[in-house]
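Here the working numbering is used: the first residue of the sequence shown is 54, the next is one more, and so on. From the three backbone atoms N, C-alpha and C, an ideal C-beta is built for every residue, glycine too.
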Amino acid sequence: MKVNISGIGWVTPSGIGSGQSGEMFTLGPGRLPTLRSRLFLDVVHPRFGRFDSYAKAGFGAIALALRSAGLDQWTHKRTVGMVAGTRRGCQEADLAYFETVVSQGGSLASPNLFAYTLPGTMLGEASIQFGLTGPSLVVDDSDGHLGGVYAALDLIRWGFCETAVAGWCDKDSKMLNTDPQGPCGAVFFVLNRGSEAASWQWHGRELTRGTQQATDLVWLACKVLTDIHGNGNGSE
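As structure tokens, this is what we get:
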């Protein structure tokens, strides 16, 4: 099976960017920049301010990836899948919500926090915003930040969709200090079944799980950016 990567979007501590914009891509630990819906959309998203930072980063990277692929505008709903890989997910929002539940017997439980106690909430918001009706799921990111990409490739291979938005999303966490030096942010790709020459080709599992290439998200992102820009100057 051959898969084209037609778009990429990212939100990292170093900034935001996409395959169209030409910004340098850098991935690493740290705090994410202040995120507002107008950074990713032509209009203000009415609920974006209520998102937790995990959902903001994921939604933003998905929006940028769709824009770079020319899929951000729509009049009819599209069967486009979405898969996100994550380690921490929305667990920080879960714990913050639980603190409001245990206070005064649950009488102060926060409905705003409750709405974002599922790691897939950002996928639902993106589906509504961009008219996507394909399968969407969140997977454990134990496969070198590429679990979401692997799962999306399987969705395409099995015929659930011809196009999928797939990637990774995590944020720094004061409560869950599982990997303080691990990268933070979100990186999403738009994957299409196809055979065009300028594509990242996935033959079976050419990038074998567990190899350095398969476990290095930076390597994959740099290769994608190189393919999109057509030269070696699109990434670092």
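- Asp105 - DSSP class collapsed to helix/strand/coil: Here residue 105 refers to the residue found at position 52 when the sequence shown is read from its first residue. Asp105: coil per DSSP, three-state reduction.
- Item | Nearest candidate by alpha-carbon position, reference Gln144, set Ser71, Ser156, Val202, Asp193 | The residue you call residue 144 lines up with position 91 of the sequence shown. When each option's Cα is compared against that of Gln144, the closest is Asp193.
- Message: Mapping the DSSP letters down to three states, classify Phe151 as helix, strand or coil.
- Response: Start at 1 with the first residue of the sequence shown, and residue 151 comes out as number 98. Note: Phe151 maps to helix in three-state DSSP.
- Item | Ala108 versus Val64, Val56, Thr153, residue with shortest Cα-Cα distance | Along the sequence shown, one-based indexing puts residue 108 at 55. Measuring from the Cα of Ala108, the nearest candidate turns out to be Val64.
- Message: Given this structure, state the Cα-to-Cα distance separating Val56 from Thr153, to the nearest angstrom.
- Response: Indexing the sequence shown from 1 puts residue 56 at position 3. Indexing the sequence shown from 1 puts residue 153 at position 100. When rounded, the distance between both Cα atoms is 45 angstroms.
- Query: Using the rule of at least 16 other Cβ atoms within 10 Å of the residue's Cβ for burial, across every protein chain shown, is Met175 buried or exposed?
  - Reply: Numbered from 1 along the sequence shown, position 122 holds the residue referred to as residue 175. Burial call: buried.
- Query: On the three-pair Cβ rule with 8 angstroms, is the segment 172-189 touching the segment 107-121?
  - Reply: yes
- Message: Going by C-alpha to C-alpha distance, which of Gly113, Arg89, Trp127 sits closest to Trp221?
- Response: As a working note, residue 221 is residue 168 in the sequence shown. Ranking Gly113, Arg89, Trp127 by Cα distance to Trp221 puts Gly113 first.
- The alpha helix (DSSP H) with Phe183 in it runs from where to where? One-based indexing of the sequence shown puts residue 183 at position 130. Counting along the chain, the alpha helix (DSSP H) containing Phe183 begins and ends at 174-183.
- Give me the Cα-Cα distance between Leu119 and Met54, rounded to the nearest whole angstrom. What you label residue 119 is simply residue 66 of the sequence shown in a count that begins at 1. What you label residue 54 is simply residue 1 of the sequence shown in a count that begins at 1. Their backbone Cα atoms lie some 22 angstroms apart in a straight line.
- Sort Leu85, Ile209, Leu190 by Cα distance to Gly138 and report the nearest one. Looking up residue 138 in the sequence shown gives position 85. Of Leu85, Ile209, Leu190, the residue nearest in Cα terms is Leu190.
- Hey, does Trp127 have any beta-carbon neighbour from chain D nearer than 8 angstroms? Of the protein chains in this structure there is only one, and it is not chain D.
- Item | Straight-line gap, Val218 to Gln126 (C-alpha atoms, nearest Å) | In the sequence shown, the residue the question calls residue 218 occupies position 165. In the sequence shown, the residue the question calls residue 126 occupies position 73. Answer to the nearest angstrom: the Cα atoms are 15 angstroms apart.
- Task: Report all residues from its chain with a CB closer than 7 angstroms to the CB of Asn165; omit the five preceding and five following residues, and keep chain order.
- Result: Walking along the sequence shown from the start, residue 165 turns up at place 112. Arg103.
- Task: Please check the pair Phe93 and Leu117, which I expect to be a contact at CB under 8 angstroms, by giving their CB distance rounded to whole angstroms.
- Result: Numbered from 1 along the sequence shown, position 40 holds the residue referred to as residue 93. Numbered from 1 along the sequence shown, position 64 holds the residue referred to as residue 117. At roughly 6 angstroms, the Cβ-Cβ gap stays under 8 angstroms, so Phe93 and Leu117 are in contact.
- Message: So, for Ala149: in the same chain, excluding its five sequence neighbours on each side, which residues have a beta-carbon less than 6 angstroms away from its beta-carbon?
- Response: Position 96 of the sequence shown holds residue 149. Excluding positions up to five away in sequence, the list reads Leu166.
- Whole-angstrom distance between Ala239 and Val133, CA atom to CA atom: Counted from its first residue, the sequence shown places residue 133 at position 80. Counted from its first residue, the sequence shown places residue 239 at position 186. Cα to Cα, the separation comes out at about 19 angstroms.
- Enumerate in chain order the residues of its own chain whose CB-to-CB distance from Val136 is below 6 angstroms, with the five nearest sequence positions on each side excluded. Along the sequence shown, read from residue 1 onward, the residue named residue 136 stands at position 83. Taken in chain order, the residues that qualify are Leu190, Gly201, Ala204, Ala205, Ala219.
- Message: Going by DSSP in three states, Phe112 sits in which element: helix, strand or coil?
- Response: Along the sequence shown, read from residue 1 onward, the residue named residue 112 stands at position 59. If DSSP states are grouped into helix, strand and coil, Phe112 belongs with the helices.
- Quick one, which of Phe242, Gln182, Ser59, Leu161 has its alpha-carbon nearest Arg131's? Within the sequence shown, the letter at position 78 stands for residue 131. If we check each option's Cα against that of Arg131, Gln182 comes out closest.
- Query: When the Cα atoms are used, what is the spatial distance from Ile156 to Ala168?
  - Reply: Looking up residue 156 in the sequence shown gives position 103. Looking up residue 168 in the sequence shown gives position 115. Sequence check: residue 156 is Ser here, not Ile. So the two alpha carbons sit approximately 18 angstroms from each other.
- Task: Give the straight-line distance between the Cα atoms of Ser121 and Leu161, rounded to the nearest whole angstrom.
- Result: Along the sequence shown, one-based indexing puts residue 121 at 68. Along the sequence shown, one-based indexing puts residue 161 at 108. Distance between the alpha carbons of Ser121 and Leu161 is about 42 angstroms.
- Query: Taking just the CA atoms, how far does Ala179 sit from Ile115?
  - Reply: Translated into positions along the sequence shown, residue 115 becomes position 62. Translated into positions along the sequence shown, residue 179 becomes position 126. Distance between the alpha carbons of Ile115 and Ala179 is about 7 angstroms.
- Item | Nearest neighbour of Leu124, chosen from Leu199, Gly60, His98 [CA to CA] | Taking the sequence shown and counting its residues from 1, the one referred to as residue 124 is at position 71. Ranking the options by Cα distance to Leu124, first place goes to Gly60.
- To the nearest angstrom, how far is it from the Cα of Val277 to the Cα of Leu208? Translated into the one-based positions of the sequence shown, residue 277 becomes position 224. Translated into the one-based positions of the sequence shown, residue 208 becomes position 155. For Val277, the predicted structure reports a pLDDT of 47, less than 50, and the residue's modelled location is therefore unreliable. The matter cannot be settled from this model.
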